[in-house]
Every structure is written in structure tokens, then in C-alpha cells.
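Novice: Chains as they are written, first to last, in UniProt numbering: chain A, 1 to 469; chain B, 1 to 469; chain C, 1 to 469.
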Amino acid sequence: MPLTDPDRLFPMERETRDLARSLYRSVADLPIISPHGHCDPRWFAENDRFPNPAELFVVPDHYVFRMLVSQGIAMTDLGVPRADGGETETDPRKIWRTFASNCHLFRGTPSGMWLDHSFEHVFGLYEPLSAANADEYYEHIDAKLGQDDFRPRALFERFGVEVLATTESALDDLAHHKAIRDSGWAGRIVTTYRPDSVVDPEFEGFADNVVRFGEITGEDATTWDGYLAAHRKRRAYFKEVGGATASDHGHPTARTEDLPQEAAAELFAKALSGDCTSEEADAFRGHMLTEMARMSLDDGLTLQIHAGSWRNHSGPVFAAHGRDKGFDIPMRTDYVGALKPLLDAVGMEPDLTVILFTLDETVYGRELAPLAGAFPALKLGPPWWFFDSYEGIKRFREATTETCGFYNTAGFNDDTRAFCSIPARHDVARRSDCAYLATLVRTGRLRESEAYEVAHDLTYRLAKEAYGL
Amino acid sequence: MPLTDPDRLFPMERETRDLARSLYRSVADLPIISPHGHCDPRWFAENDRFPNPAELFVVPDHYVFRMLVSQGIAMTDLGVPRADGGETETDPRKIWRTFASNCHLFRGTPSGMWLDHSFEHVFGLYEPLSAANADEYYEHIDAKLGQDDFRPRALFERFGVEVLATTESALDDLAHHKAIRDSGWAGRIVTTYRPDSVVDPEFEGFADNVVRFGEITGEDATTWDGYLAAHRKRRAYFKEVGGATASDHGHPTARTEDLPQEAAAELFAKALSGDCTSEEADAFRGHMLTEMARMSLDDGLTLQIHAGSWRNHSGPVFAAHGRDKGFDIPMRTDYVGALKPLLDAVGMEPDLTVILFTLDETVYGRELAPLAGAFPALKLGPPWWFFDSYEGIKRFREATTETCGFYNTAGFNDDTRAFCSIPARHDVARRSDCAYLATLVRTGRLRESEAYEVAHDLTYRLAKEAYGL
Amino acid sequence: MPLTDPDRLFPMERETRDLARSLYRSVADLPIISPHGHCDPRWFAENDRFPNPAELFVVPDHYVFRMLVSQGIAMTDLGVPRADGGETETDPRKIWRTFASNCHLFRGTPSGMWLDHSFEHVFGLYEPLSAANADEYYEHIDAKLGQDDFRPRALFERFGVEVLATTESALDDLAHHKAIRDSGWAGRIVTTYRPDSVVDPEFEGFADNVVRFGEITGEDATTWDGYLAAHRKRRAYFKEVGGATASDHGHPTARTEDLPQEAAAELFAKALSGDCTSEEADAFRGHMLTEMARMSLDDGLTLQIHAGSWRNHSGPVFAAHGRDKGFDIPMRTDYVGALKPLLDAVGMEPDLTVILFTLDETVYGRELAPLAGAFPALKLGPPWWFFDSYEGIKRFREATTETCGFYNTAGFNDDTRAFCSIPARHDVARRSDCAYLATLVRTGRLRESEAYEVAHDLTYRLAKEAYGL
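(1) Taking its Cβ as the centre, do 16 or more other Cβ atoms sit within 10 Å of Y126(B), making it buried, or is it exposed?
(2) When the Cα of F318(C) is compared with those of L289(B), D324(B), A374(B), which residue comes out closest?
(3) Restricting to Cα atoms, I'd like to know which of R82(A), M331(A), T403(A) is closest to G365(C).
(4) For D360(C), return the contacting residues in chain B, with the cut-off set at a CB-CB distance below 7 Å.
(5) Can you give me the C-alpha to C-alpha distance between R395(A) and P260(B), rounded to a whole angstrom?
(6) Can you list, in chain order, the stretches of the alpha helix (DSSP H) that have 4 or more residues and sit fully within the region 246 to 270 of chain B?
(7) Would A293(B) and V336(B) be called neighbours here (beta carbons separated by less than 7 Å)?
(8) If we define contact as Cβ-Cβ less than 7 Å, is D116(C) a contact residue for chain A?
(9) With DSSP as the reference, please indicate the residues paired to L380(B) in a beta bridge.
(10) Can you tell me whether G160(A) is buried or exposed, with buried defined as 16 or more other CB within 10 angstroms of its CB?
(11) Quick check on the burial criterion: 16 or more other C-beta atoms within 10 angstroms. Buried or exposed for R21(A)?
(12) Between the region 167 to 177 of chain B and the region 57 to 66 of chain B, can you find at least three pairs of beta-carbon atoms closer than 8 Å?
(13) Measuring only the C-alpha atoms, how far is S421(A) from P110(A)?
(14) Give a yes or no on whether the C-beta atoms belonging to C39(B) and F419(B) are separated by under 7 Å.
(15) Taking its Cβ as the centre, do 16 or more other Cβ atoms sit within 10 Å of T277(A), making it buried, or is it exposed?
(16) Considering only the alpha carbon of each residue, which of G242(C), V122(C), F156(C), F206(C) lies closest to K178(C)?
(17) Starting from the N-terminal side, write out each stretch of the alpha helix (DSSP H) that is 4 residues or longer and does not extend beyond the region 36 to 73 of chain C.
(18) I'd like to know if M12(C) contacts chain B, where contact means its C-beta is closer than 7 Å to some C-beta of that chain.
(19) Please classify E257(B) as buried or exposed, where buried requires at least 16 other C-beta atoms within 10 Å of its C-beta.
(20) Please name the residue or residues paired with Q304(A) in a DSSP beta bridge.
(21) Specify, as a first and last residue, the run of the alpha helix (DSSP H) that L371(B) falls within.
(22) Between T16(C), D149(C), K270(C), which has its C-alpha nearest A207(C)'s C-alpha?
(23) Would you decide whether D248(A) is buried or exposed? Buried here means 16 or more other CB atoms lie within 10 Å of its CB.
(24) Anything in the region 339 to 363 of chain A with a Cβ closer than 8 Å to a Cβ of chain C? List those residues in chain order, please.
(25) Against chain C, with Cβ distances strictly below 7 Å, would G315(A) count as a contact?
(26) Does R445(A) have its Cβ less than 7 Å from a Cβ in chain B?
(27) Assuming the contact rule is C-beta atoms closer than 8 Å, D77(C) and T98(C) should be a hit. Round their C-beta distance to whole Å, please.
(28) Mark F13(C) as exposed unless 16 or more other C-beta atoms lie within 10 angstroms of its C-beta, in which case mark it buried.
(29) Three or more C-beta pairs under 8 Å: does that hold for the region 444 to 464 of chain B against the region 129 to 141 of chain C?
(30) Ignore the nearest five residues each way along the sequence and tell me which others in D142(A)'s own chain have a CB closer than 7 Å to its CB.
(31) What does V336(C) reach in chain A if we use C-beta pairs closer than 9 Å?
(32) Taking C-alpha atoms, which residue in I355(A), G444(A), T290(A), G381(A) lies nearest to A429(A)?
(33) Run down chain B in chain order and give the residues with a C-beta less than 8 Å from the C-beta of Y63(A).
(34) In three-state DSSP terms, what is V190(B)?
(35) What does P370(C) reach in chain A if we use C-beta pairs closer than 7 Å?
(36) Can you list, in chain order, the residues of the region 414 to 444 of chain A whose Cβ is nearer than 8 Å to any Cβ on chain C?
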């Protein structure tokens with residue numbers, strides 16, 4: 001018996017299941033478009049083997065280790081590094097055993113499904129992982145990782161990825177992207193312009209970052225005009241050298257502003273001097289979204305807004321282990337009021353693409369679909385983070401399609417740093433969408449011929465178009 | 001093959017589908033009760049032919065044209081008038097072709113289903129609309145519109161409408177309603193008392209409106225007592241001349257107040273002088289809901305609260321094209337705190353009916369059903385606007401029935417100005433309710449005999465009772 | 001035909017229904033763990049017969065009578081006592097007839113299902129209750145209540161309750177619990193430490209309560225240190241004499257604080273003197289949750305937070321009839337910000353169990369599951385109050401499982417004072433969970449063998465572990 005049910009995620013009723021299967025078959029082998037994520041470009045630049053199963057599946061994946069932590073397992077038993085450089089588990093076999101002994105915690109979760117998918121489809125394992133077979137699993141995966149056909153570039157090709165976007169800071173030199181290009185390898189890896197460190201006055205070292213931003217771009221980035229010019233130049237560099245087609249912005253809220261230039265310049269000066277209040281910092285971030293949108297009108301980069309995560313919610317965990325340790329918790333998020341300044345400025349522009357993401361599902365039907373169903377500049381990103389799942393996708397489609405249709409959505413994103421989960425995540429999205437489409441057909445809400453076309457669009461075309469790929 | 005699946009919206013599992021179909025058959029031919037909507041009474045007073053397909057289906061229907069606009073089509077290409085009187089497309093055939101070429105945008109939407117229903121069941125078209133057959137469609141519909149049996153009164157009768165409520169400003173003279181009554185035509189068209197223009201201090205021309213209100217009613221409406229007397233008289237006029245059985249109030253929030261009379265009189269004076277703050281205007285609107293509820297205790301009008309829409313969200317669209325252009329976006333809405341003053345004043349009155357509507361689905365289960373399941377004066381209106389749909393109705397029933405049952409809900413409203421969509425919308429509601437009831441029966445939550453009774457109540461009796469029709 | 005469908009709440013698709021039935025059979029006869037509720041311990045101490053059908057099913061059950069009230073029936077017609085001691089219906093047969101004549105109001109509601117379950121499975125009635133058979137029903141139930149095998153202890157045993165938790169004020173002497181223990185009866189009834197009356201500065205008679213709290217515990221509870229010591233002693237007393245394994249806290253919001261001890265002492269003094277503002281009272285309640293959590297680290301009591309109910313929403317109903325009359329309405333509730341102080345203090349403690357309840361479903365997926373899926377101290381309580389229902393449980397599982405799995409949830413609570421509804425409620429929970437699990441299996445999200453294990457855990461093991469029972 002396979003680890004993964006060949007009919008997984010399809011509707012239970014026989015006729016609907018048959019149709020979902022048929023729709024799925026029509027898109028299952030389409031190339032993967034991965035327009036937003038956090039893979040390390042170094043993997044593809046250097047093409048070294050992945051170190052071991054624990055460092056592939058457990059240590060770097062906060063989806064995975066936070067679930068073990070939630071049941072009382074110490075982060076240090078899972079090899080998560082300590083901020084003070086203190087001791088943490090370094091034996092990957094011990095970490096793997098701890099993981100294997102607790103994998104019942106992932107029952108019913110997308111992480112569980114992605115892991116099984118990777119075990120079976122990437123590594124050829126057919127027995128559920130458990131404490132009993134932990135060592136066998138480890139040996140098996142570790143041996144595979146030593147093979148040339150399990151190196152990053154080989155997996156990239158085997159996964160059928162047509163294009164993969166990574167995300168780099170505006171201060172990054174894109175050395176790995178250059179190396180990939182120079183290597184002559186045909187895999188398409190593009191970067192994404194992520195300027196949080198030079199846009200957010202509350203980012204660690206903001207003023208220094210801006211100075212460095214000026215040095216990199218040859219502009220006096222400490223003046224408002226020079227700062228805007230530096231962004232323009234750096235965006236051009238990201239396009240040219242890294243193949244970027246989008247920028248990304250991870251703000252705590254979706255607030256936007258469209259301040260008079262003098263007011264923005266004043267705020268910027270205050271931010272540089274470290275004097276601005278939290279409210280002023282928020283206003284500045286909000287204004288910069290509108291500036292970025294205006295630059296997008298010129299250079300064509302798609303603008304992504306990932307709002308609403310309370311980063312590093314646990315003080316003690318942040319102190320002990322730093323950022324990105326599974327303690328980012330969603331917050332209630334407003335879009336209708338927050339986006340008005342940006343929308344009044346550029347929302348009716350048909351050539352602009354702003355993609356909205358949320359961790360607050362209540363806004364799908366109430367705010368996001370009505371906005372995307374009206375403003376030409378807006379598209380809805382796929383369900384994000386905790387909602388990158390069967391139920392998440394189902395609720396997203398059910399809450400948005402009736403109001404904004406399919407064509408105001410932007411296809412699927414995996415948004416992951418867990419490389420092996422990429423085919424699994426796209427597979428879940430394809431299956432979930434086909435299940436939804438089959439249900440629409442069987443309940444007279446969509447014609448069967450249309451469903452095949454929409455399935456193709458959701459899997460392939462919409463993501464390429466929304467990201468200009 | 002028909003455009004619309006005869007089993008559309010029924011559950012997929014065979015036995016449940018059979019039961020849903022049977023329930024639906026028992027209510028499919030019941031007369032339409034349309035107790036709230038925005039049809040133009042002039043249609044029925046004058047009974048002229050509808051001008052052409054584009055002006056019937058596209059130009060006046062913001063559900064339809066905003067979807068085209070969201071994909072970058074200019075409003076002026078769709079014939080939407082400009083506020084400055086500037087150029088806009090006037091050739092209905094061109095508008096129709098633009099619409100037809102983009103009708104894939106409506107896949108999976110209620111608009112798509114209503115359009116197909118109208119095309120098939122009103123106009124006898126059996127092929128999906130597309131760019132290819134746009135002109136044929138146009139000719140076919142246009143020819144029908146020229147026939148006597150496609151004039152407004154004929155369609156009203158053919159649609160099986162027992163009663164249709166329109167909505168008129170408190171300042172309206174109800175000339176069309178009088179004309180309909182005087183014509184001897186048997187169709188029952190009633191008005192609804194909508195006093196926003198003389199109740200909302202922020203309404204354009206509020207003070208002048210109040211003066212005019214006094215002239216119309218023969219009261220000195222600029223004094224608090226005269227103002228209340230004017231409302232009482234005008235409500236009586238709407239009942240007598242227009243057959244009104246309800247009032248309607250479209251406030252930004254559900255806020256109510258129950259101020260001492262002197263405080264209310266003071267606020268009113270301030271509002272008339274144009275001096276009141278936004279907060280005071282809100283308080284005044286809130287107080288007037290309680291005054292209206294008190295008047296309802298005397299004259300029996302049902303009070304409807306349609307709260308939570310951010311009207312004309314886009315500044316540029318409002319400036320270019322004015323109100324009601326598809327850019328009204330829902331907002332998060334509170335009811336529990338907002339309604340307390342009104343409920344403390346009149347909530348326990350068994351002879352009062354206040355019907356609540358929301359665009360914020362999160363309040364169905366958390367706020368509205370618990371309130372309606374306790375206060376005798378409250379009933380829940382059907383899913384409104386973006387949620388007038390299969391999924392909207394499903395989520396509404398699932399979120400409210402367990403807490404307030406069926407008998408604290410008020411049947412269906414179509415709330416539309418798109419006349420041809422009325423039978424389609426009632427059909428969707430009947431099918432969706434029957435699908436829900438069949439599911440309850442098949443999962444042991446309702447007896448089959450009860451389901452037939454409830455289906456009839458939801459389709460016919462509850463709306464008549466809630467609106468005193 | 002039985003009153004209750006043997007396959008009720010199971011999925012409609014045949015194979016899935018078969019699996020759900022099989023899963024259900026594996027847990028249907030497991031003992032009932034009832035770790036949180038409001039039964040009166042006097043019933044089991046004195047073991048007197050229940051007075052009559054009306055006082056068993058209608059008068060004390062605000063779920064039931066508020067539904068009748070919502071349709072305009074006066075509370076006094078249902079025998080609900082008046083605060084002023086004035087007249088109310090005292091004839092239980094008349095009350096029963098009013099109830100029976102209106103039982104169509106419960107169609108599709110959990111109350112309806114619980115009532116039918118009790119009628120059939122406790123009292124052996126097989127015909128739906130109606131106006132026509134109201135008197136027969138009354139006679140039948142009343143006769144049964146006179147039998148020894150329908151006394152509280154006999155029913156407790158027949159219901160298969162392994163342990164039942166009641167809830168007592170910190171000031172309660174636990175006389176009934178002592179009497180039960182002293183009686184030698186083997187039924188396990190435990191208390192729960194509920195200190196609202198001495199923790200909430202806005203509670204009626206707070207300062208007097210604290211004085212009395214000191215007298216009971218032999219501490220000077222009017223000093224901060226003595227107050228904390230009094231809590232520690234009283235918790236120990238509840239553990240020892242009443243078998244308590246948990247405390248319970250019913251705050252309006254989930255706010256927590258972790259104030260410096262001096263600041264807390266100062267607030268406490270202010271609260272005692274009656275001088276603290278509403279904001280300060282809220283801060284004090286919030287701080288006491290963190291103190292209680294710290295005590296839990298010492299004495300092992302599980303801490304329950306039931307936040308978000310606007311108690312006694314209707315002023316007139318509260319004035320006429322007092323508390324708990326069905327007019328408690330849920331409010332929007334924040335957890336992410338509110339719990340941060342407590343979580344920063346003790347959230348990473350693996351030996352602490354804090355169980356969270358909500359009446360605001362929007363937080364399941366957005367806030368509660370992400371929190372419980374990270375912090376070792378947190379578990380999610382089952383759907384509470386209005387959501388103790390098939391749809392409530394379904395939405396809870398769908399919104400939480402993917403993010404925090406099954407093992408960060410705490411099994412089922414009935415939370416009721418309606419004794420006869422206990423088996424009905426647990427039955428609904430078992431069926432709903434098995435329906436959900438069967439769906440997961442049939443859609444490839446859970447292995448069948450795992451589903452049986454999870455069904456057992458959700459029914460039995462998780463509640464016992466979360467409450468240390």
C-alpha cells in the first residue's frame with residue numbers, strides 16, 4: 001500500500017470523485033510555477049548534497065519542530081540553534097528519532113501529508129514513519145542524499161519546476177543568482193525584491209542599512225530623493241541580475257498611506273534619526289507601499305503584500321533562539337480601510353498587479369474578494385501559511401469565487417524553504433482545486449468544459465501572468 | 001442541453017439529491033414574495049418596453065460591470081455614465097460584445113448563474129453566451145423585448161410575483177405607486193419607507209431635505225417634535241398611498257442610541273445647523289433607529305437595518321462616475337454592543353419586528369443568531385448582497401440554525417434592481433434551502449415531514465409574516 | 001420508528017458513512033468523562049427524585065426557554081422566577097404544554113436533538129413531542145421520575161459517567177461533595193475551583209467576599225501576600241475535599257497581565273477599597289490569571305479560561321429575572337495580544353495545562369490553533385456553548401486540526417446543568433468526531449488504523465490527561 005492515497009483530497013461521492021480525478025490528471029504533470037518562496041539560492045549555485053535527513057526535514061522547518069515543541073519537547077532536543085551559541089543537539093540521528101517517535105502529532109495536518117508525499121515520491125519509502133523504523137528511514141534517506149540525482153539541481157529538474165522565485169533583501173548582492181546564471185545550468189531561479197530592512201524604521205539597523213543601501217546603489221540614500229532613486233536602481237538590478245519580476249513586503253498590518261512628498265521626506269528624516277514613534281514608523285511603511293506601487297507602474301514588478309503576522313510572539317523563545325522559530329501568530333487584519341490610500345492612488349491602474357495575502361480568513365469574503373472584484377490593480381494570493389492546506393484552499397475558494405471569480409486570483413504559491421515539500425504542496429493545491437471544480441460542475445455551477453480550462457488556469461497560467469513570468 | 005442544470009445546487013449524494021429535488025418541487029412554483037428590493041416603480045407605472053439587452057443586463061447592474069472593470073475594462077467602454085457628462089459608450093451592441101467576450105469572468109459566480117437562468121428561462125436561449133454568438137444573442141433578446149409579453153407587467157405576472165416591494169426616499173411623492181394603483185392593474189407593488197436623506201446629518205443637503213420634509217408633511221420639521229410628527233405622518237402616507245409595510249435604514253454601522261429627548265433634540269438642532277461632528281452624526285442616526293422602532297410599535301411597520309457597507313470606497317471612481325458603481329466594500333460590523341440601546345428600549349416587544357442584515361459573515365453565529373434566539377423583536381434577514389448565493393446561504397443556515405432555529409429568520413429577499421434576475425435569485429434560494437434541509441434529514445437532524453413544512457415556511461410564510469404582507 | 005436516527009450525524013456518502021459508523025461503534029460505549037460542567041452536587045448528595053418534567057427540561061434550561069421567549073412567549077408563562085418575587089407560572093403541566101406546543105422551534109437545533117435523545121434513550125418515548133401528546137408525555141416522564149432507577153445516582157450510573165466535574169465558588173464549603181464522599185457511593189463527582197467572586201473587583205460584594213475568603217482560609221486575605229496564600233490554601237482544600245483537578249475562570253475578555261508584585265499589590269488594595277476603574281479591574285483580573293497559572297505549576301490544577309461572553313445583555317431581562325436567563329451574547333475576542341503576558345511568563349512550561357475556550361469562532365484558525373500548535377502550556381477546549389453542536393464541532397475540527405493537530409486539543413466537555421442532556425451531548429460529540437475522522441480517511445488525510453486510535457483519544461484519553469483525571 002502506498003503512503004499516500006492516489007485519490008487523496010478528491011470528493012467522496014463517486015461521480016464527483018471521478019470527475020475530480022479526471023480534472024487532476026489534466027493538470028498533474030504541468031510544470032511547477034513557484035513565484036514566491038524562501039529556498040536558498042546557494043543550493044542551486046553550489047549544488048552540494050543536502051547534509052542529512054534531520055537537517056533536511058526537521059531542524060530548518062518551523063512547521064515541523066514547533067509541533068513537537070507544542071507537546072513539550074525542548075527546541076534544543078531538536079537541534080534548533082541557541083541565540084547564545086549554547087549547547088543544542090547535534091546528532092542528526094537522535095533528532096530524527098525524536099521526530100519519528102512523535103510523528104502521530106502530524107495526523108490530519110498538511111505537514112503530515114507533505115512529509116508522506118516526500119518520503120514516498122522523492123525517496124521511495126512506502127511504510128509509515130514510526131519509532132520502530134526511524135533508523136531504517138534515516139539510512140535510506142541519507143544514502144539517497146549522497147546520490148548525484150538527489151542534489152538540488154537534479155531534484156529541481158525531477159520536480160518539474162519551470163521557475164522558482166527566491167526572496168532576497170534589497171541589500172543582497174545576488175551572488176548566488178549570478179553564479180547560477182554563470183554556471184550555464186538551465187534551471188530558472190529568480191529573485192524577489194524584499195526591501196523590509198531599508199523600508200521599515202523599526203528594522204534592526206535601519207539607518208545603517210539605508211547608508212549601505214546608498215553605497216550599493218551610488219545614491220545618497222539618506223535624502224528622500226536619493227532614497228527613492230536608490231530603490232529604483234536596486235529594483236532594476238534585481239530585475240537584470242536576478243531576473244526579479246516581483247517585490248515582496250512583510251508588514252505587520254496592511255496599512256498604506258499616500259502622503260504629500262514633503263511629509264514623506266520629513267518622516268523619512270525622522271526615521272533615519274531614530275526619532276520616529278511607532279505610529280510614525282507604521283505610517284512610513286504604509287507610505288512606502290504606495291511608492292513601491294508607483295515604481296511598479298514604471299518597471300512592471302508585481303507587488304506582494306504579506307500582512308498580519310505577529311512575528312516572534314514569545315519573548316522567551318525569541319531571546320533563546322531568535323527569529324522564525326514557529327512562534328509567529330496571525331492577527332486580525334483590516335484591508336478595507338488600510339488599503340484605501342494606495343487604492344485611491346493607483347488601484348484603478350490596469351497595468352499594475354498588487355497581490356494580497358492574509359492570515360485572517362474572515363477577510364476573504366468580507367474584504368478581499370469584494371476589493372479584488374472591483375479594483376483592476378488587485379489580485380488575491382493563494383491561502384497563506386497555516387491555510388496552505390486542503391481545508392484552507394477549500395474555504396478560500398468557497399469564500400472568494402462567488403464574489404471575485406477565478407480570474408482575480410493569482411494561482412498557487414508554495415512560499416516555502418522546505419525544498420522537498422514543493423511538489424507535495426503544489427500537488428495538494430492541484431488536487432484541492434480540482435475537487436472544488438468537480439463539486440461546482442456536479443452542482444450545476446460550472447460547465448465541465450469550463451472546469452478543464454479553469455483547472456489549467458489555476459495551476460499554470462494565472463501564476464505566470466500575475467507574476468509576469 | 002439546457003443552459004442551467006435541472007439539478008443544480010442539490011447535494012451530490014444520490015439519496016440526498018433525490019430528497020432535495022422532491023423538497024424543491026414542493027416549493028418551486030410558490031409565488032414570489034419580494035419584500036425588499038430596488039426595482040423602479042416607473043416600469044410598472046408606464047409599462048414601456050426595456051430599451052435593449054445592454055441596458056437591461058449590463059449598464060445598470062453593478063454586480064456585472066464591476067467584474068469587467070476589475071479586469072481592466074474601462075467603465076466608459078461599458079456605457080457607465082460619467083459624472084461630468086463626458087463621453088461614454090452609447091452603442092449597446094458594442095457594450096454587449098464587450099460583455100459577451102468576457103463572460104468567462106462570471107464562472108462560478110451567482111451573477112453567472114442568474115444570467116444563464118434569465119437567458120434560458122426568460123428569453124429561451126440554450127447556448128452559452130460567448131464572443132462568437134454575441135450578436136445573435138443581442139438580436140434574439142432585443143426582439144423579445146419588443147414583444148408585449150416582455151413588458152414589465154407581463155414579466156411580473158409570468159415570474160409569479162405575488163408582491164414586490166420597492167424602496168423610496170421619505171421625500172418621494174410615490175407618483176408611480178399612485179399611477180400603478182390608479183391603472184387598475186392587479187400586480188401588487190408596495191413601497192418601503194427609506195428616510196436616510198432626512199435622518200442622516202451627513203447626507204447631501206440634509207438641512208434642506210428636512211425643510212422640504214416639513215413642507216411635504218405640513219409640520220415644522222425643523223423642531224424636534226415637528227420632525228418626529230413629520231416622520232409619523234410620512235410613514236402613514238407611505239402605508240396608505242404606497243402600501244408600505246416596512247421601513248429601511250442603510251447606516252454605515254449598526255449603532256443605536258436611546259438618548260433622553262432633550263439630548264436628541266439638541267443633537268438634531270446641531271445637525272440642522274451643520275455643526276455636528278462625525279461622532280454626533282453617528283449618534284443621531286443611531287438614536288433615530290430607536291425612534292423609528294418606537295413608531296413601528298404604533299404603526300406596525302417592520303424595521304430593516306442594512307448596516308456595514310463602506311459606500312463608494314474608491315475616491316477616483318466616485319469622482320468620475322458617482323454612487324452605486326460596484327465599489328461599495330463590506331466592513332467588519334459589531335451588533336452586540338451597537339444594538340444594546342435599541343434592544344434595552346424595545347427588544348422584548350413581541351409585536352415589533354426588526355430585521356437585521358449584515359455583510360460581515362463572522363457575526364452570524366457569534367452575534368446575530370444568539371441575539372435573534374433571545375430577543376422577541378429581532379429576526380434575521382437572509383444573506384445579503386455578496387452572500388446572496390449558494391455558498392452564502394449555506395454558510396448562513398449552518399451558522400445560524402443551530403442557535404436561533406428557522407423561525408427567527410425572515411425568509412428570502414432578492415434586494416435587486418435587476419428585474420430579470422428576480423426569479424433566478426428566488427430559485428437559487430429555494431434550491432439552496434432545500435439542499436440544506438435534505439442534508440439535515442439525511443443526517444438525522446430533521447424529520448422528513450418537518451422538512452416539507454420548513455421548506456414552505458422559508459419560501460413563503462416567513463417572509464410574508466416578517467413583513468406583514 | 002425511533003425518535004433519533006441510528007445513523008444521525010454520519011456522512012451521507014455510503015462508504016464514508018459505513019466507516020463513521022464503525023468508528024463510532026468503537027467508542028460509543030466508552031465511559032463518559034465530564035471534566036467541566038454545572039450540575040448541582042446536591043442531586044448526588046441527597047439523591048432525591050427530580051420534581052417534574054417541566055422543572056427537569058424547561059424551567060432551569062436557558063437554552064430551551066430563551067428560544068420560546070424569542071418568539072414572544074413571556075418568561076413568566078414558562079415559570080421563570082421573577083427577581084422581585086412576583087407571580088410566575090407554577091403549574092408544571094401548563095408550562096409543559098406551552099413547551100410542547102412550540103417544540104417546532106427547535107427543529108434543526110442541538111437542543112432539539114438532545115431533547116429527543118433524552119426522551120427516547122432515558123425515558124423510552126418514541127413519538128415526537130407535540131401539543132397533541134403533551135399530557136401523555138408529561139405523565140409518562142413524571143411516572144418514571146418517581147422510580148428509584150430515575151434518581152440522580154441511578155441515572156449517573158446508567159449514563160456510564162466515569163467522572164463528573166461540578167463547579168463551585170472559592171467560597172463554597174463543598175458540603176455536598178463531602179456528603180457524597182461520606183455516603184460511600186462509588187460515583188466520582190469532583191469540584192472545580194472557581195474564584196471569580198474573589199478575583200473580579202467588579203463582582204457583587206467583592207471586598208466582603210475577600211474578607212470572608214480570609215476567614216475561611218485563616219489568612220489575612222486583605223493583604224496581597226495573605227490573599228495569594230488564601231488562594232493556595234483554598235485550592236489545596238478543593239483538591240483534597242472536592243477532588244478538584246482544575247480551576248475555571250469566566251472573564252469577559254482573555255486579557256492577561258504579569259505585573260510586578262508591588263503593582264499587583266497596589267491594584268489589589270485599590271480593588272478592595274472599591275476605588276479601581278473598570279480598566280484597573282480588568283488589569284487585576286488579567287494579572288490573577290497569571291498568578292493562578294503560577295499556582296498551577298505548583299499544585300497541578302489545570303487552568304480553564306472561558307472568555308468572551310457579554311453576560312446579561314438585556315437590561316430589562318436582568319432587572320426582571322436576574323442572571324443566566326439566556327441573554328448572554330458572545331463577543332468578538334482577541335487572544336493573541338491578550339494572552340501574551342501569561343504566555344511570556346509560563347507558556348513554555350511543559351507541565352502546565354491552560355485550556356482555552358471561545359465563543360468567537362473566527363479565532364479557531366487564526367489565533368487559537370497557531371498558539372496551541374506552538375506553546376506547550378496551551379490546549380484547546382472543545383467548541384463551547386452555542387457551538388456544542390454538530391456544525392460547531394465540524395467547523396472546530398476543520399479550522400484547528402491542520403494547524404495544531406488532534407493532540408493539542410482537550411477532548412469533550414458538556415458544560416451543562418441539564419443532567420439528562422449529558423449522554424446526548426457526548427453522543428453528538430462522538431458521532432461528529434467520527435464523521436470527521438471518516439471523512440479524513442476517505443480523502444486520504446488519515447490512515448484507517450490511526451482513525452480508530454484518534455477516535456478513542458478524542459473520546460476518552462485526551463480529556464482525562466488534560467484534566468489530570
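Think of the CB as a built atom: it goes at the ideal place given N, C-alpha and C, for glycine as much as any other residue. Source: prediction; values computed, not measured.
Specialist: According to the structure data:
(1) exposed
(2) A374(B)
(3) M331(A)
(4) R366
(5) 46 Å
(6) none
(7) no
(8) no
(9) L356(B), T409(B)
(10) exposed
(11) buried
(12) no
(13) 10 Å
(14) yes
(15) exposed
(16) G242(C)
(17) 41 to 46, 53 to 57, 62 to 69
(18) yes
(19) buried
(20) D248(A), I355(A)
(21) 369 to 372
(22) K270(C)
(23) buried
(24) L359, D360, E361, T362
(25) yes
(26) yes
(27) 6 Å
(28) One point to set straight first is that residue 13(C) is Glu, not Phe, in the sequence displayed. Under this definition E13(C) is a buried residue.
(29) no
(30) N52, P53
(31) W310, H313, I329, P330, M331, R332
(32) G381(A)
(33) Result: empty, since nearest Cβ-Cβ is about 27 Å, beyond 8 Å.
(34) strand
(35) I329, P330, F386
(36) none
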